[in-house]
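Q: In the numbering used here, the protein residues as written are 898 to 1167.
Here a beta-carbon is modelled for each residue, glycine too, at the ideal position from N, C-alpha and C.
Pasting in a structure now, in structure tokens, and then I'll have a few things to ask.
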């Protein structure tokens, strides 16, 4: 790919119906004859994927995909904003053909979807609480308390799995908006006791919105993130092309540079 193509699909931001109706499912080619691959990502998950002041999708995950696209002959990427709760359905229905949205490689997801072998980011999972609160430091401290959650993400899955054997289940409060910043505002306002997610994203939101919320305790788990593709012939073809490129971008330092640019640290797994 010698040039990138971008699309900010605002129709994809208004829930499931908009996400699926606003994005064509037919495969297309650009003027250079390159096949267009629609890459789904969120528009409200800084610094990984978000809309900038010009309403363009940007962030680490988007820049990572642009770097892959520069080396990918015969294909061009378009970036489509899709709400998290519609992301996998959009992939299954071919409204998008790839996901780059900090998706952890969980066993459950790997049974259903195709992930790149090469991971492009190593993320932590931490707890955030209202500033000054001292009774929550570990996942055990969350038992019996209200915790903000997004349905289907790896952080929520961790808590759901914990509840299966917990002495007192964590009360998961699922967000209707699917917006992490609103959940962090709920933490500050006392609507929920805590939120579990990635510290880099949460710190970016806390700084931008000047919220009285802080990260506490030690990381609960570490996850490797991969590009998600549909588990079919086309997805396998793309995976075979993308994996060597990701490996090259690790070895030449490109991903480390992007990680430093967007997160202030090098979080690239070996």
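(1) Have a look at residue 919 and residue 935 and give me their C-alpha separation to the nearest angstrom.
(2) Where residue 1119 and residue 1022 are concerned, what is the direct C-alpha to C-alpha distance, given to the nearest angstrom?
(3) Just how far apart, CA to CA, sit residue 1088 and residue 1079?
(4) Helix or strand or just coil, what does DSSP make of residue 985?
(5) Please state whether DSSP places residue 919 in a helix, a strand or coil.
(6) Expressed to the nearest angstrom, what Euclidean distance is found between the alpha-carbon atoms of residue 1113 and residue 941?
(7) Return the Cβ separation of residue 1121 and residue 1009 in integer angstroms, given the expectation that the two are a contact with Cβ distance under 8 Å.
(8) Kindly give me the distance between the Cβ atoms of residue 1255 and residue 1000, rounded to whole angstroms, as I take these residues to be in contact under 8 Å.
(9) Please report how far the alpha carbon of residue 958 lies from the alpha carbon of residue 1164, in whole angstroms.
(10) On the three-pair Cβ rule with 8 Å, is the stretch 1087 to 1106 touching the stretch 982 to 994?
(11) Who are the Cβ neighbours of residue 1106 in its own chain at under 8 Å, not counting the five residues just before and after it?
(12) Take the Cβ of residue 1109 as the centre, count every other Cβ of all protein chains shown within 10 Å, and call the residue buried at 16 or more, exposed below.
(13) According to DSSP, simplified to helix, strand and coil, what is residue 1007?
(14) Who are the near neighbours of residue 1171 in its chain, counting only those whose CB is closer than 8 Å to its CB and skipping five residues on each side?
(15) Could you tell me whether the Cβ atoms of residue 1045 and residue 1084 are closer together than 8 Å?
(16) Ignore the nearest five residues each way along the sequence and tell me which others in residue 1138's own chain have a CB closer than 7 Å to its CB.
(17) Exposed or buried, residue 1050, counting other C-beta atoms within 10 Å across all chains shown (16 or more means buried)?
(18) Using the rule of at least 16 other Cβ atoms within 10 Å of the residue's Cβ for burial, across every protein chain shown, is residue 1016 buried or exposed?
(19) The beta strand (DSSP E) that contains residue 1116, what's its start and end?
(20) Going by C-alpha to C-alpha distance, which of 950, 954, 992, 988 sits closest to residue 925?
(21) Which residues mark the beginning and the end of the alpha helix (DSSP H) in which residue 930 is found?
(22) How should residue 1133 be labelled, buried or exposed, when 16 other C-beta atoms within 10 angstroms of its C-beta is the threshold for buried?
(23) Which residues bound the beta strand (DSSP E) around residue 1070?
A: If we stick to the structure as given:
(1) Residue placement at residue 919 is flagged as unreliable, the pLDDT there being 46, under the threshold of 50; the coordinate-derived value follows with that caveat. Approximately 13 Å between the Cα atoms of the pair.
(2) 6 Å
(3) 11 Å
(4) helix
(5) Note that residue 919 has pLDDT 46, beneath the 50 cutoff, so the model's placement of it is unreliable and no number is given.
(6) 23 Å
(7) About 17 Å; that fails the 8 Å criterion.
(8) Here the chain comprises residues numbered 898 to 1167, so residue 1255 is not present and cannot be evaluated.
(9) 13 Å
(10) no
(11) 1078, 1081, 1082
(12) exposed
(13) helix
(14) With the chain running from 898 to 1167 in the structure shown, residue 1171 is simply not present.
(15) yes
(16) 969
(17) buried
(18) buried
(19) 1110 to 1122
(20) 992
(21) Careful: residue 930 lies outside any alpha helix (DSSP H) and carries neither H nor E.
(22) exposed
(23) 1068 to 1071
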